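First the structure, in the form of structure tokens, and then the observations on it.
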Amino acid sequence: NNVIVLHLNGTFTVGSSPLNLYNNTCVLLDGTIQINNSTTASAAVRADSQTRISISGGIIDGGNRTGRNAIYFTSCSMAQVDGMTLRNFGPENPRSGGSDIIHFSGGSTPYIVTRCYLNGGSSRGIWLQLNGPKSVISDNEVTAVNQDGVDCDSSTKGCVAKYNYCHDLTRYG
Numbered sequence: 075n076n077v078i079v080l081h082l083n084g085t086f087t088v089g090s091s092p093l094n095l096y097n098n099t100c101v102l103l104d105g106t107i108q109i110n111n112s113t114t115a116s117a118a119v120r121a122d123s124q125t126r127i128s129i130s131g132g133i134i135d136g137g138n139r140t141g142r143n144a145i146y147f148t149s150c151s152m153a154q155v156d157g158m159t160l161r162n163f164g165p166e167n168p169r170s171g172g173s174d175i176i177h178f179s180g181g182s183t184p185y186i187v188t189r190c191y192l193n194g195g196s197s198r199g200i201w202l203q204l205n206g207p208k209s210v211i212s213d214n215e216v217t218a219v220n221q222d223g224v225d226c227d228s229s230t231k232g233c234v235a236k237y238n239y240c241h242d243l244t245r246y247g
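Everything in the sequence shown is counted per our numbering, starting at 75 for the first residue and increasing by one.
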């Protein structure tokens, strides 16, 4: 019944491992998590099969590298991303796989993304692969990505996507 609140103040560089979130963890970012040429991790922030996790505030900068996600949560439940700037995950063209800025896959209800600014990516802005979990994607701005700003495919159902401003994309859907 305890919650870990992690205050990250400053600039942090991703190396060979992402920032892994675990059950009952809330990250308050006041600074920047950055990916650079020496980063080998496939995501800046990751969670696998975790419950009650969140990250908010600050910036995740992809350093214009492709093949990296800002945030990748798989098989999680009760996960939220709020009020973040996520930028520079590769050029808008050409498309590069594995360069989705936020990617949620599997798990259970709910997944929430609110009040974020996503700018620049070689694949999708927000990609939901949620066969069953409900999600709320609200009040985000997504620009300069190769594919959809908000992509609800792979059997996603029960998603509420509202008040998102998706513009200057290569593909709209």
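Glycine included, every Cβ here is placed at the ideal spot set by N, Cα and C.
Quick caveat, the model's predicted, so the values are computed rather than measured.
Cβ of residue i within 8 Å of Cβ of residue j?
i: M158; j: I186; result: no
i: S151; j: T99; result: no
i: C190; j: V155; result: yes
i: I145; j: A115; result: no
i: L93; j: I109; result: no
i: G199; j: C240; result: yes
i: F178; j: L160; result: no
i: G132; j: D104; result: yes
i: F163; j: S196; result: yes
i: E166; j: N220; result: yes
i: S149; j: G180; result: yes
i: S212; j: K236; result: yes
Does DSSP put residue i in a helix, a strand or coil?
i: L248; result: Residue 248 falls outside the range modelled here, since the chain spans only 75 to 247, and no answer is possible.
i: E166; result: coil
i: P207; result: coil
i: P92; result: coil
i: Y146; result: strand
i: R139; result: coil
i: T113; result: coil
i: V224; result: strand
i: V77; result: coil
i: C190; result: coil
i: S173; result: coil
Please classify residue i as buried or exposed, where buried requires at least 16 other C-beta atoms within 10 Å of its C-beta.
i: N238; result: buried
i: L80; result: exposed
i: N168; result: Here residue 168 turns out to be Pro, not Asn, going by the sequence shown. Exposed is the call here.
i: D222; result: buried
i: D242; result: exposed
i: V77; result: exposed
i: N205; result: exposed
i: S123; result: exposed
i: V88; result: buried
i: V234; result: exposed
i: G248; result: Outside the modelled stretch of the chain, which goes from 75 to 247, sits residue 248, for which no answer is possible.
i: R120; result: buried
i: T85; result: exposed
i: N75; result: exposed
With DSSP as the reference, identify every bridge partner of residue i, one or two as the case may be.
i: L82; result: L103
i: G195; result: F163, V219
i: D122; result: T148
i: Y185; result: A153, S209
i: L202; result: F178, C226
i: T87; result: Q108
Exercise for review: Taking 8 Å as the threshold, find out whether the stretch 130 to 143 comes into contact with the stretch 170 to 177 through three or more Cβ pairs.
Suggested key: Result yes; three or more Cβ-Cβ pairs closer than 8 Å.
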